[in-house]
Structures are given as C-alpha cells and as structure tokens.
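Chemist: Sequential numbering from 179 applies to the sequence shown in our numbering. For glycine and all other residues, C-beta sits at the position ideal for the given N, C-alpha and C.
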Amino acid sequence: MPVNDAAPAAPPPAPRPAPTSVRDTTVGDSADNANAGAPSLIVVSRTVAAKDRDAFDRWHGYGQGHIDAVLGGPGKAHTWHFPAAADKDGAGSADTIVMLFGNEKDRDTWWHSTERRAWVAAGEHLSPGGCNAAKVNLGSARGMGDWLPPRAGREALLALPPPPPPKWVVYANVLLAIYPTISVLGDFAFPALYAAAPAVKALPLAVKGFAQCATVVAVMTWAMIPLAAKITGALGFMDADTRNAASVAGVAAVAAAMVAVEHFALFPLLPAGGW
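Structure, rendered in structure tokens:
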C-alpha cells in the first residue's frame, strides 16, 4: 500500500466551526497519567470518492504545515497518508491518516486548535459520510493491545528521532570512556602480557598495533562507551532539556576523579623497573 507524505505547507484556511460528523474516541490512558510524555497518535479514517481523490490529496497535503504552525515549528509531529484502493465499481473505500506526535501535550494542542478545526472543516465536503478520529496514547500498555511490541520496543519503533547531541557532548563521552581504557590497557594489560609471553612481544609491530587497536575498540564499544553514557545520562548531561551548569560540573568531577585514581592508586602499582 503506497504512503504519501505530506506536501509543503500552505497558509492555513480561515477558521470555521468543527464538523459534527467527526466521531472522536480515545484509546489508552488519559493524558494526565504518568505516560503523558510518551509518543501519541491521532488516527483518522475517511471515506473518499474516486472523483474527489485529487482534491483530497491536496487537502491532506496542507495538514503538515498547519500542524507545524500550531506546534511552533517542524519536527514535532509527522503525518502519513495511507490511501485506500478503489473497488471494482470505482468507489473509494476508507483512507487512513496517521499523525504521530512526540507527546500527548503536543497532540492535544493540535487537537483543540482552531487551525485543526478549520482544516477539518475545509475537507468535510470530501468525506460526506464523515470520518472517525481516534487519539491513541502509546504510553499505555493497553493502548494498542497486541498490535505493537512491548513498551521498550514500541517506543524505539514509533518515537520521533531525537536530534544528535552537540559534538562537544560526544567528545566528553568518548573522553570519559577512552581515558581509563587506554590507561589500564596501555599501562598494565599490554605490558604485563608482553612480559609474560615473550612470543607475543616478538610479533611484528604492525600485528601488535592492530591487536591493541582491536582490543581498545572492543572494550570501548561493549563496555566503556555504554558505561560513560549511563553516567552522563544519570547526570542529565546527554539530554538538552536537562543539560545545565550542574550536569557539566558533574561530568568534569567524574573526569577529575579518573585522573586522581590513576595518579594516586594505579601508577604506584607499576613495577619500579618497568614491565
């Protein structure tokens, strides 16, 4: 089934009263529960006659622009249009429009806006039989029944993609991960291995260099970077909404603690004459 993304935004039509033919239902918990920050949907089903198909596509194309205007900019919601195939008599069956919002607050802001009512009214004549509109709270474990995976998988599947963190935030995380990795492997693990296994030490320098890099990358990928992300995440450093002077100071304190541990605890353990 083809999917038509929304067309470029157009100026919103003049507000008109909301049509009484829209039937509203809500699936899942209410917006005032603990899951109010979870992704949320509006799912609309409309019957469109074949002769009105082009006009309906144009009308739907304006929707994304109206949503962006109401929510203060693009990226906070996405819309998809799933057209229905015409039957053998040429009559249109139900089309489905899915609107995905980052949270229930944004969804309800759009739902209660005059722009939405005006947009729906402008397309009312294209669906003489009315339409069904359902608000779906994805934060509820009961919201979509067995249609979607459990909550963790569901949020990964449907959540709006977050913006990438600034490069300096990435730098800080990698630094916290790589400093102890290089210190422990370079100062202790590799020298101890070469001292205990002369055959390994006798390998060509290129081979040893590749093996050392492979070991460092493996430790970084499966251990240290996830650990650093957990630490900085717990400090509120990773999320732009919680990153502040206190979280930056917390990351700096962690880095200082690493340096102190290496200087005062690890370096004294090194053999006086070297490995």
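Alpha carbon to alpha carbon, how far is GLU282 from VAL397? Give it in angstroms, no decimals.
Modeler: Distance between the alpha carbons of VAL397 and GLU282 is about 40 Å.
Chemist: What's the C-alpha gap between ALA312 and ALA355?
Modeler: Cα to Cα, the separation comes out at about 46 Å.
Chemist: Just the C-alpha distance for TRP297 and HIS244, rounded to the nearest angstrom, thanks.
Modeler: 8 Å
Chemist: Kindly indicate if chain C contains any beta-carbon less than 8 Å away from that of LEU448.
Modeler: The displayed structure is made up of one protein chain only, and chain C is not part of it.
Chemist: Run through DSSP, which three-state label would ARG224 get?
Modeler: Note: ARG224 maps to strand in three-state DSSP.
Chemist: For ALA430 and TYR349, I'd like the C-alpha separation in whole angstroms.
Modeler: Their Cα atoms are separated by approximately 13 Å.
Chemist: Exposed or buried, what is ALA353 when buried is set at 16 or more other beta-carbons lying within 10 Å of its beta-carbon?
Modeler: Here residue 353 is Leu; the residue named in the question, Ala, does not match the sequence. Burial is judged here by how many other beta carbons sit within 10 angstroms of a residue's own beta carbon; LEU353 has fewer than 16 and is exposed.
Chemist: Terminal residues of the continuous alpha helix (DSSP H) containing ASN351?
Modeler: It spans 345 to 362 - the alpha helix (DSSP H) in which ASN351 sits, taken as one unbroken run.
Chemist: Relative to the alpha-carbon of ILE275, which residue among ALA262, ASP286, ASP284, THR287 has its alpha-carbon at the smallest distance?
Modeler: ALA262
Chemist: Who are the near neighbours of PHE415 in its chain, counting only those whose CB is closer than 6 Å to its CB and skipping five residues on each side?
Modeler: The beta carbon of PHE415 lies closer than 6 Å to those of ARG421, SER425, VAL429 in the same chain, with the five residues before and after it left out.
Chemist: Is it buried or exposed, LEU448, if we count other Cβ atoms within 10 angstroms and call 16 or more buried?
Modeler: A residue is called buried once 16 or more other Cβ atoms fall within 10 Å of its Cβ, and LEU448, having fewer, is exposed.
Chemist: Whose C-beta lies closer than 7 Å to the C-beta of LEU413 among residues of the same chain, with five residues either side of it excluded?
Modeler: SER425, GLY428, VAL429
Chemist: Would you grab the beta carbon distance between GLY301 and PHE260 for me? Rounded to a whole angstrom, and I think it's under 8 Å.
Modeler: Not quite, the Cβ-Cβ distance comes to about 16 Å (not below 8 Å), so this is no contact.
Chemist: Given a cut-off of 8 Å on the beta-carbon distance, is the pair VAL222 and SER291 in contact?
Modeler: no
Chemist: How would you label TRP237, buried or exposed, when you count the other beta carbons within 10 angstroms and need 16 or more for buried?
Modeler: buried
Chemist: Near TYR357, which residues of its chain fall below 7 Å by C-beta distance, leaving aside the five closest residues on each side in sequence?
Modeler: MET436
Chemist: Once DSSP output is grouped into helix, strand and coil, what is the label at HIS259?
Modeler: strand
Chemist: What residues in its chain sit with their C-beta under 6 Å from that of ALA272, if we drop five residues either side in the sequence?
Modeler: SER223, THR225, ALA262
Chemist: According to the neighbour-count rule (16 or more other Cβ atoms, all chains shown, within 10 Å of its Cβ), is PRO217 buried or exposed?
Modeler: By the 10 Å Cβ count, PRO217 comes out buried.
Chemist: Going by DSSP, what residue range makes up the alpha helix (DSSP H) through ALA216?
Modeler: It is not in any alpha helix (DSSP H) - ALA216 carries neither H nor E in the DSSP assignment.
Chemist: Does the Cβ of ASP417 have 16 or more other Cβ atoms within 10 Å, making it buried, or fewer, making it exposed?
Modeler: Exposed, since its Cβ has fewer than 16 Cβ neighbours within 10 Å.
Chemist: Could you compute how far the alpha carbon of VAL362 sits from the alpha carbon of PRO342?
Modeler: 30 Å
Chemist: Tell me the DSSP secondary structure of THR274 in three-state form.
Modeler: strand
Chemist: Can you tell me the Cα-Cα spacing of PHE388 and ALA433, whole angstroms?
Modeler: 28 Å
Chemist: Look at the alpha carbon of ALA401 and the alpha carbon of ILE220, and state the distance between them as a whole number of angstroms.
Modeler: Their backbone Cα atoms lie some 40 Å apart in a straight line.
Chemist: For PHE279, which residues does DSSP report across the bridge?
Modeler: SER218, ALA255
Chemist: With DSSP run on the structure shown, which of helix, strand or coil describes ALA380?
Modeler: Coil.
Chemist: Apart from the five residues on each side of it in sequence, which residues of its chain come closer than 7 Å, Cβ to Cβ, to THR359?
Modeler: VAL394, VAL397, MET398, MET402
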